[in-house]
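First comes the structure, then the notes that go with it.
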């Protein structure tokens, strides 16, 4: 039971880590967008100052009013383009914030599902461990979890009947089963559809018991 709880906590910790990484990436992108916006504002100010100097010089030295009007028009186009670029950056920022909020909701929903499933499974797992010889152990990799049943064989109560699940994806997969069960894939599909872990363990133990009785 403690190992099963530890594995679930590790999965939650991994989700938190991914969320932190995505939040940091979002903050980095927002910071870069702010810096680009600042640089554009500075460039606009420098450009405006430069153009103003050119226009003043033309007006004073040549008195070319038509050239002055043309330069002013170019400056207005530049200002409009800069404003449009800032607006695009603002929209991108809003989209990133909305995406991050959506991912946060997904993580929160998964955390709640895991918490509810854990509370639901604790009494059943205690019964399995104490009365039906279930042990939950690591599967050799961080994403694997093995369920070892005993008290099935009458002649050898400690004989292990083992199934190992890969919990790295939402759709669980059975990576090992000893002895082999012909209908295992159907039970794993049922688990992925219902998310009823203790019901799945009942089914697997029943299959192991039936197999043992048929072979003996």
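In UniProt numbering, the protein residues as written are 1 to 216. Ideal Cβ positions, reconstructed from N, Cα and C, are used throughout, including at glycine. Just so you know, these numbers come straight off a predicted model, no measurement behind them.
Taking C-alpha atoms, which residue in 20, 148, 4 lies nearest to residue 205? Answer by Cα proximity: 148.
For residue 146, does the count of other Cβ atoms within 10 angstroms reach 16, so buried, or fall short, so exposed? buried
What are the uninterrupted segments assigned as alpha helix (DSSP H) that are 4 or more residues long and contained completely in the region 128–215, given in chain order? 184–194, 197–215
Under 8 Å between C-beta atoms of residue 96 and residue 29: It is a contact, given that the beta carbons lie within the stated cut-off.
Environment of residue 49 [buried if 16+ CB atoms lie within 10 Å]: exposed
Would residue 211 and residue 134 qualify as a contact pair, given that the criterion is a beta-carbon distance under 8 Å? no
Check whether the Cβ atoms of residue 55 and residue 71 lie closer than 8 Å to each other. yes
Starting from the N-terminal side, write out each stretch of the alpha helix (DSSP H) that is 4 residues or longer and does not extend beyond the region 61–95. none
Return the chain-ordered list of same chain residues with a C-beta closer than 8 Å to the C-beta of residue 162, the five sequence neighbours on each side being excluded. 146, 147, 148, 149, 176, 177, 178
Give the C-beta separation of residue 192 and residue 171 to the nearest angstrom, bearing in mind that I take them to be a contact with Cβ-Cβ under 8 Å. 5 Å
Of the listed residues 36, 41, 75, nearest to residue 52 (C-alpha basis): 75
Is residue 93 closer than 8 Å to residue 22 when the C-beta atoms are compared? No, the pair does not count as a contact, with Cβ atoms beyond the cut-off.
Of all the options 112, 32, 213, 105, which has the alpha carbon lying nearest to the alpha carbon of residue 155? 213
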